[in-house]
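Enquirer: Below: one structure in structure tokens.
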Amino acid sequence: MKLTRRKLFQKFGLLSFGLLLPKWLGAQTNRKQHPELVILHTNDTHSQIDPLPANHSKYPNQGGILARAAMIAQYREQHPHVLLLDAGDFFQGTPYFNRFHGVLEMKLMSELGYDVATLGNHDFDIGVDGFMNAQQHAQFKFVNANYDFGQTPMAAVIQPYHIIEKGRYKIGIFGLGIDLNGLVPQSNFEGIAIKDPFESAAAVIEELKDAKCNLIICLSHLGYQYEDKSKPSDVLLAEQVSGIDVILGGHTHTFMQAPTKVTQQDGHTVWIHQVGWAGVRLGAIEVTEHKMNFLQKIIH
Amino acid sequence: MIKYFLYSIVGASLMACSACFTPTFQIEAQTVVGVQNTDPELVEMLQPYQDTLHTEFDAFVAATPEALVLSRPSSNLMNWCADAVLSSQTANKRFSEPVICLLNAGGLRSSFGAGKLTLADFYKLMPFDNRLVWVHLPVSKISEIEKYLSKSGGEPMANCVFVNGRLQIPSLLSSHDYIWVLTSDFLANGGDQMNFFLGLEKQETNILLRDIFIETAKNQGVLVLDAQSRYSK
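In the order they appear, the protein sequences are chains A and B.
Here this note's numbering is used: the first residue of the first sequence is 8, the next is one more, and so on.
Here this note's numbering is used: the first residue of the second sequence is 32, the next is one more, and so on.
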């Protein structure tokens, strides 16, 4: 068949369209995949303000508040909707804590722009009065749903949950803490009653659903999982309590190779993530409409 | 036209496939160099705290020829700490009843790298202000310690070893009804579920475990290490 100029134009015009189409589709796909929300998280930073020493056996020169700050700033430059969360035990572990009694940790977390934190057992190491003194320097929220702070001054500054709106997400964030008995001297949490974490979680989730939250995050200091499978843990929480989307854990200092996916009986998926200790990793969850990418950034 | 439409689809498919898969998890190694990228205000805010800390905590205490690692069931660091506590109390003294040391691995918070050790290193090892306590423990309660150790998978201990589920105390004779256990006030009050200490006769001291470690290290100059395992199930 002899090709006329018109037919040739038609044929190669369509072919060109065919070649350009995927690029356009790809661009659309990339646009859709650009995270609508980035959730950054830490746990068990344990007053590690400086990087770990060069002769550290596992994580030499890693961590440090300045490098963490730079990484967080980089995220904020690139993404309009960033959440910064901590799953507890920000106190205790270096002489900074012994010397400044938690004040520096609170100031630095505020400077870094933390939104919400929950409490770990070591955050009671200077007792209620010590915590209250340090938290005066905190410009972020504290959440815990299973400690009854009773008449202690902590009742005024720690709420069961906190709701933040970012873009089209209404995010309900609540906290759960480990049983302090046997972990913390009684005198350090006098007047605080420890409630069942799962019952507390179920109650608070109902409130968050009533408030029309479309993303529910639990900041947990229960620990990832224990040999005694009946001991409250993040895995057990994910299996037994419905309605949580993401559990950001702490306490067991677990360096996870991948987030744990738990599919509940009703088909709902719960993701569990934890990033070791000492601030040597920054967890980053990039949320799009149908997907969450979990990353662990090595802070170096 | 159908043929040309098919060309388009095939072309689109070939080029689009590379973007189909996105991993749901990855570990990303990202180096952030602090100096260029760091907020100068943050550096300025931190500086006085760092200066204070370096002035007060950078003092040389001792050296170690090799790393001291905190690792269950038994490790050179766990042994060194328990030995330090025991020897600080029993050196050149005789007791009518056996004396052992039992601490908790969870109470030791950091390993030591090889080389020079500063005051800061000892604060990282023992950040808690735990004090030494003598607990008078009936021999009949040793079985509770054995159950505990079986479950916990090993704790720092001295003047005893845990073998096949039994606590072997060389100095324990059949005539003994009690032993003395050197431990921390936290554990003596049932911390870390060491409930076998509850309700027993105790002799409190005002000596910080951290101070014992520092003094022992200073006296040794170069840490005396024992890597022999003291725990086997």
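For glycine and all other residues, C-beta sits at the position ideal for the given N, C-alpha and C.
Quick caveat, the model's predicted, so the values are computed rather than measured.
1. When burial is assigned at 16 or more other CB atoms within 10 Å of the CB, is D203 (chain A) buried or exposed?
2. How about L115 (chain A) and L73 (chain B): are their beta carbons less than 9 angstroms apart?
3. Going by Cα to Cα distance, which pick from A:K219, A:I185, A:G198 and A:P167 is closest to A210 (chain A)?
4. Could you tell me whether the Cβ of M76 (chain B) comes closer than 9 angstroms to any Cβ of chain A?
5. Does the distance from the C-beta atom of V45 (chain A) to that of E293 (chain A) stay below 9 angstroms?
6. Under 8 angstroms by Cβ, that's how I've got K304 (chain A) and M78 (chain A) pegged, so tell me the actual separation to the nearest angstrom.
7. Using a Cβ-Cβ cut-off of 9 angstroms, state whether I72 (chain A) counts as contacting chain B.
8. Classify H228 (chain A) as helix, strand or coil using the three-state DSSP reduction.
9. Between V164 (chain B) and S183 (chain B), what straight-line distance do the alpha-carbon atoms span, to the nearest angstrom?
10. Can you tell which of A:G184, A:N188 and A:D136 has the C-alpha that lies nearest to the C-alpha of A163 (chain A)?
11. Measure the Cβ-Cβ separation of N135 (chain B) and F217 (chain B) and say whether it is below 9 angstroms.
12. Taking the runs of the beta strand (DSSP E) that are 3 residues or longer, which of them lie wholly in the segment 213-299 of chain A?
13. List, in order along the chain, the chain A residues whose C-beta lies closer than 7 angstroms to that of L73 (chain B)?
14. Mind checking whether A219 (chain B) and L117 (chain B) have CB atoms under 9 angstroms apart?
15. Can you pull the chain B neighbours of T101 (chain A), defined as C-beta to C-beta under 8 angstroms?
16. How is the alpha helix (DSSP H) around F91 (chain B) delimited, first residue to last?
17. Just verifying my parser: in three-state terms, what is the DSSP assignment at D3 (chain A)?
18. Beta carbon of N221 (chain A): closer than 8 angstroms to some heavy atom of the ligand PLP?
19. Could you tell me which of B:S215, B:R103 and B:H167 sits nearest to G230 (chain B), measuring between CA atoms?
20. Can you give me the Cβ contacts of I170 (chain A) inside the same chain, cut-off strictly under 8 angstroms, excluding the 5 residues immediately before and after it?
21. Exposed or buried, V253 (chain B), counting other C-beta atoms within 10 Å across all chains shown (16 or more means buried)?
22. Using 8 angstroms as the threshold, is the segment 187-203 of chain A in touch with the segment 114-134 of chain A, meaning 3 or more CB pairs across them?
23. Starting from S215 (chain B) and walking both ways along the alpha helix (DSSP H), at which residues does that stretch end?
24. Which one of A:P102, A:K148 and A:M263 has the shortest CA to CA distance from L289 (chain A)?
25. Let me know the secondary structure DSSP gives M188 (chain B) once reduced to three states.
26. Would you verify that the beta carbon of Y80 (chain B) is, or is not, closer than 9 angstroms to some beta carbon of chain A?
27. Quick check on A151 (chain B): buried or exposed, where buried means 16 or more other Cβ atoms within 10 Å of its Cβ?
28. Please compile the residues from chain A whose C-beta is within a distance smaller than 7 angstroms of the C-beta of L84 (chain B).
29. Strictly below 7 angstroms CB to CB, what residues from chain B border S227 (chain A)?
30. If we cut at 9 angstroms on Cβ distances, does R140 (chain B) have a partner in chain A?
31. Grouping DSSP H, G and I as helix and E and B as strand, with all else coil, what is R140 (chain B)?
32. Less than 6 angstroms between C-beta atoms, sequence neighbours within five positions excluded: which residues of the same chain meet that for V277 (chain A)?
33. On a Cα-Cα basis, can you pick out the residue from B:K155, B:L108 and B:R103 that is closest to D57 (chain A)?
34. Check the DSSP bridge columns for F149 (chain A) and list the partner residues they point to.
35. Please report the straight-line C-alpha distance between A248 (chain B) and S227 (chain A), rounded to a whole angstrom.
36. For P201 (chain B) and C191 (chain B), I'd like the C-alpha separation in whole angstroms.
Expert: To lay it out plainly:
1. Counted from its first residue, the first sequence places residue 203 (chain A) at position 196. It counts as exposed.
2. Reading the first sequence from its first residue, position 108 is the one you call residue 115 (chain A). Reading the second sequence from its first residue, position 42 is the one you call residue 73 (chain B). A contact, by the Cβ cut-off of 9 angstroms.
3. For this step, residue 210 (chain A) is matched to residue 203 along the first sequence. Considering only alpha carbons, the answer is A:P167.
4. On the second sequence, position 45 is the one that residue 76 (chain B) refers to. At least one chain A Cβ lies under 9 angstroms of M76 (chain B).
5. Taking the first residue of the first sequence as position 1, residue 45 (chain A) is located at position 38. Taking the first residue of the first sequence as position 1, residue 293 (chain A) is located at position 286. Yes, Cβ-Cβ distance for V45 (chain A) and E293 (chain A) is below 9 angstroms.
6. In the first sequence, the residue the question calls residue 304 (chain A) occupies position 297. In the first sequence, the residue the question calls residue 78 (chain A) occupies position 71. K304 (chain A) to M78 (chain A), Cβ: 6 angstroms. Contact.
7. Sequence index remark: in the first sequence, residue 72 (chain A) carries index 65 (1-based). Chain B, which has a Cβ nearer than 9 angstroms to the Cβ of I72 (chain A), makes this yes.
8. Indexing the first sequence from 1 puts residue 228 (chain A) at position 221. Here H228 (chain A) sits in strand by DSSP.
9. Counting from 1 along the second sequence, the entry for residue 164 (chain B) is found at position 133. Counting from 1 along the second sequence, the entry for residue 183 (chain B) is found at position 152. If you take the alpha carbons of V164 (chain B) and S183 (chain B), they lie about 21 angstroms apart.
10. Sequence index remark: in the first sequence, residue 163 (chain A) carries index 156 (1-based). Checked all of A:G184, A:N188 and A:D136; the closest Cα to A163 (chain A) is A:D136.
11. Taking the second sequence and counting its residues from 1, one reaches residue 135 (chain B) at position 104. Taking the second sequence and counting its residues from 1, one reaches residue 217 (chain B) at position 186. Contact: yes.
12. 222-228, 253-255, 267-270, 276-280 and 288-294
13. Working through the second sequence from its first residue, we reach residue 73 (chain B) at position 42. By Cβ distance, chain A contributes L73, A76 and E118.
14. On the second sequence, position 188 is the one that residue 219 (chain B) refers to. On the second sequence, position 86 is the one that residue 117 (chain B) refers to. No, these two residues do not count as a Cβ contact at 9 angstroms.
15. As a position in the first sequence, residue 101 (chain A) is number 94, starting the count at 1. A151, Y154, K155 and P158, listed in chain order.
16. Walking along the second sequence from the start, residue 91 (chain B) turns up at place 60. That residue, F91 (chain B), is in no alpha helix (DSSP H); its beta strand (DSSP E) goes F91 to T95.
17. No information on residue 3 (chain A) is available, as it lies outside the stretch 8 to 307 that chain A covers here.
18. Among the ligands in the structure shown, none appear at all, so the ligand PLP cannot be discussed.
19. The residue labelled residue 230 (chain B) in the question sits at position 199 within the second sequence. When each option's Cα is compared against that of G230 (chain B), the closest is B:H167.
20. Reading the first sequence from its first residue, position 163 is the one you call residue 170 (chain A). Only K177, I178, G179, I180, L215, A218 and C220 meet the Cβ criterion.
21. Within the second sequence, the letter at position 222 stands for residue 253 (chain B). Exposed, since its Cβ has fewer than 16 Cβ neighbours within 10 Å.
22. yes
23. By 1-based counting over the second sequence, the position of residue 215 (chain B) is 184. Looking at the DSSP string, S215 (chain B) is not in any alpha helix (DSSP H); the run it does join, the beta strand (DSSP E), is Y209 to S215.
24. Position 282 of the first sequence, counted from the start, is the residue given in the question as residue 289 (chain A). Answer by Cα proximity: A:M263.
25. Taking the second sequence and counting its residues from 1, one reaches residue 188 (chain B) at position 157. Correct three-state label for M188 (chain B): strand.
26. Within the second sequence, residue 80 (chain B) is the residue found at index 49, counting from 1. Cβ-Cβ to chain A under 9 angstroms: yes for Y80 (chain B).
27. Residue mapping note: residue 151 (chain B) aligns to position 120 of the second sequence, counting from 1. Buried, because 16 or more other Cβ atoms sit within 10 Å of the Cβ of A151 (chain B).
28. Here residue 84 (chain B) is taken as the residue at index 53 of the second sequence, counted from 1. Those within 7 angstroms of L84 (chain B) in chain A are P102, Y103 and R106.
29. In the first sequence, counting from the first residue as 1, residue 227 (chain A) sits at position 220. Chain B residues near S227 (chain A): none, gap ~19 angstroms exceeds 7 angstroms.
30. As a working note, residue 140 (chain B) is residue 109 in the second sequence. Answer yes: the Cβ-Cβ gap between R140 (chain B) and chain A drops below 9 angstroms somewhere.
31. In the second sequence, the residue the question calls residue 140 (chain B) occupies position 109. If DSSP states are grouped into helix, strand and coil, R140 (chain B) belongs with coil.
32. Locating residue 277 (chain A) in the first sequence gives position 270, counting from the first residue. Within the same chain, V277 (chain A) has close Cβ partners A245, I251 and V269.
33. Within the first sequence, numbered from 1, the residue matching residue 57 (chain A) stands at position 50. For the residues B:K155, B:L108 and B:R103, the minimum Cα distance to D57 (chain A) belongs to B:K155.
34. Your numbering for residue 149 (chain A) matches position 142 in the first sequence. Answer is A:A124 and A:I165.
35. The residue given as residue 248 (chain B) occupies position 217 in the second sequence. The residue given as residue 227 (chain A) occupies position 220 in the first sequence. Near 38 angstroms, if we compare the C-alpha coordinates of S227 (chain A) and A248 (chain B).
36. Here residue 201 (chain B) refers to the residue found at position 170 of the second sequence. Here residue 191 (chain B) refers to the residue found at position 160 of the second sequence. So the two alpha carbons sit approximately 7 angstroms from each other.
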